[in-house]
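>
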Amino acid sequence: MTFPPAWLKSSSPPLTELLLTLGQEPDLGTRRFQIRNFLMEDDERRHRTDDYVADAKDRVIASDPDTAFQQLMSHHEQYLHERLRGGVRTEVFSSRGATCPDTFSGYFDDGDELVRDVAWLGRLERLAPISINSGESRQVVRSILDRWARAQREGIADPDAEVDANQLLLSWQQRLDNRPVAAFVWDDVADVLAWSRPGWEDELRDRLGLEHLDPTALSPSAGVDVAVFRYPVRLVPTDDAARPLLRRPTVFDDTPRDAFCTPPPVGAGFCVNLRIDERLCREVMHPAVTFKAEHLWGLGTIRAGVSVPLDELRGFHLLKLAYRCQADFCDRFEQTDGDLL
0 MTFPPAWLKS SSPPLTELLL TLGQEPDLGT RRFQIRNFLM EDDERRHRTD DYVADAKDRV
60 IASDPDTAFQ QLMSHHEQYL HERLRGGVRT EVFSSRGATC PDTFSGYFDD GDELVRDVAW
120 LGRLERLAPI SINSGESRQV VRSILDRWAR AQREGIADPD AEVDANQLLL SWQQRLDNRP
180 VAAFVWDDVA DVLAWSRPGW EDELRDRLGL EHLDPTALSP SAGVDVAVFR YPVRLVPTDD
240 AARPLLRRPT VFDDTPRDAF CTPPPVGAGF CVNLRIDERL CREVMHPAVT FKAEHLWGLG
300 TIRAGVSVPL DELRGFHLLK LAYRCQADFC DRFEQTDGDL L
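In structure tokens, the structure reads:
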């Protein structure tokens, strides 16, 4: 495993040098971690990386660090719009379709490995977008979903609540594009997802590394309302070999975040825990699926802020990965993040 990665260095030495500089630029603060993730990435599908770099090298040209960073983010969002979010959700996913996200293009041989011991996946969603896309108020959304979640939890038959929940979830998802879905492995956080455990919402946010769901920045007085879905791996569309289309998250698959960390090139990804905690939670990407009432686990409200500095969290995360990855990947992140180790 070379450094900088071959897909980047061979395609554009000038862009490579710029990213190396930005990755160590203190004025970018924790945004420099987004740059470092590109330098750690080892996606070998050259049809994907070559196209990405071909456009980026002509657009990310500023000498000022902040301007260059904004140019890269602008290019990245355009790439996501054109190559990952260009279609609508359909009942039947096809990896050969014209609007199939780049995430699922090309050949993979790790699908079985990613799900060898995984039966259930989870997904955390904010209620605000569900409200916006369904056309219902947040109060109505919460009332409908909470009624059904409580009925399931208490083992009470409530067919009317199930119908209402299904109609609401369908109206929300009909307005979504076909972007890849980030999911967590349920068993990795099963200890958190217990209704008798106070503050499970805050701890789940932290275990999943979702630093942008910080109520101190979004809505200090109200918190951040969320819904948690639990669904079987068999719900995920399969490839031609009947393997679930689960993929390692890469730097190309979503909007960059400070708390994301490029994972080793083999296997699942790992969420950056927002607490100093030895435990890791695996994460994967898969094609969009249709969530129904039966998949709704529960609702809650995130109320606590993120208190540990991200540089400390990233450094600790990389040390945890060092025990799980090959030496060449360790060599790479020592190049990008040696100041944190």
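At position 250 of the sequence shown the residue is numbered 249 (numbering that gives the first Met the number 0), and the sequence of numbers has no breaks.
Ideal placement from N, C-alpha and C gives every residue a C-beta, glycine not left out.
Can you tell me whether DSSP reads ARG35 as helix, strand or coil?
DSSP places ARG35 in helix when its eight states are reduced to three.
> Which partner residues does VAL139 have in the DSSP bridge list?
The partner list for VAL139 (beta bridge, DSSP) is empty, contrary to what the question assumes.
> Bridge partners of THR300, per DSSP?
Answer is ASP224, bridged to THR300.
> Taking C-alpha atoms, which residue in GLU16, THR289, ASP336 lies nearest to ASN165?
Measuring from the Cα of ASN165, the nearest candidate turns out to be THR289.
> Under DSSP, the alpha helix (DSSP H) around TRP119 begins and ends at which residues?
Careful: TRP119 lies outside any alpha helix (DSSP H), inside the beta strand (DSSP E) at 119-125.
> Please name the residue, chosen from GLY297, ASP239, ALA221, that lies closest to ALA193 on a Cα-to-Cα basis.
Ranking GLY297, ASP239, ALA221 by Cα distance to ALA193 puts GLY297 first.
> Pair every Cβ in the stretch 168-179 with every Cβ in the stretch 77-95, then say whether three or more of these pairs are closer than 8 Å.
Because the criterion of three Cβ pairs below 8 Å is met, the stretch 168-179 and the stretch 77-95 touch.
> Helix, strand or coil: how does DSSP classify LEU279 here?
If DSSP states are grouped into helix, strand and coil, LEU279 belongs with coil.
> Reducing DSSP to helix, strand and coil, say where ASP42 ends up.
Three-state result, ASP42: coil.
> Mind checking which residues open and close the beta strand (DSSP E) that includes ALA258?
Element bounds for ALA258: n/a, residue is neither H nor E.
> VAL232 and ALA118: beta carbons closer than 8 Å?
For VAL232 and ALA118, yes; Cβs fall inside 8 Å.
> Could you check the C-alpha separation between LEU309 and ALA258 for me, to the nearest Å?
About 7 Å.
> Do we get a CB-CB distance below 8 Å when we pair GLY28 with the residues of chain B?
Judged by its chain identifiers, the structure shown contains no chain B, having just a single protein chain.
> Return the CA-CA distance between PRO128 and ARG302, expressed in angstroms with no decimal places.
One C-alpha to the other measures close to 18 Å.
> Excluding five sequence neighbours on each side, which residues of the same chain lie with their C-beta closer than 7 Å to the C-beta of ASP237?
Per the sequence shown, residue 237 should be read as Thr rather than Asp. Closer than 7 Å at the Cβ level, and outside the excluded window around THR237, lie PRO243, LEU244.
> THR48 to SER11, Cα distance in whole Å?
Going by the C-alpha atoms only, they are around 11 Å apart.
> How would you label GLN33, buried or exposed, when you count the other beta carbons within 10 angstroms and need 16 or more for buried?
GLN33 is buried by the Cβ-count criterion.
> Alpha carbons only, please: which of PHE37, GLY22, THR335 is nearest the one belonging to ARG399?
Nothing about residue 399 can be reported from this structure: the residues present for the chain run from 0 to 340 only.
> With ALA241 as the anchor, note down where its beta strand (DSSP E) starts and where it stops.
Per DSSP, ALA241 belongs to no beta strand (DSSP E) and is neither H nor E.
> Starting from ALA5, follow the alpha helix (DSSP H) in both directions and report where the run begins and ends.
Element bounds for ALA5: 5-8.
> How many whole angstroms separate the CB atoms of LYS56 and PRO25, which I take to be in contact at a CB cut-off of 8 Å?
Going by Cβ atoms, the distance from LYS56 to PRO25 rounds to 25 Å, so no, they are not a contact pair.
> Counting Cβ pairs, one atom from each stretch, are 3 or more of them under 8 Å apart for the stretch 246-262 and the stretch 208-221?
With a cut-off of 8 Å, the stretch 208-221 and the stretch 246-262 count as touching, because enough Cβ pairs lie within range.
> Quick check on the DSSP output: the beta strand (DSSP E) that includes VAL184 runs from which residue to which?
It spans 180-184 - the beta strand (DSSP E) in which VAL184 sits, taken as one unbroken run.
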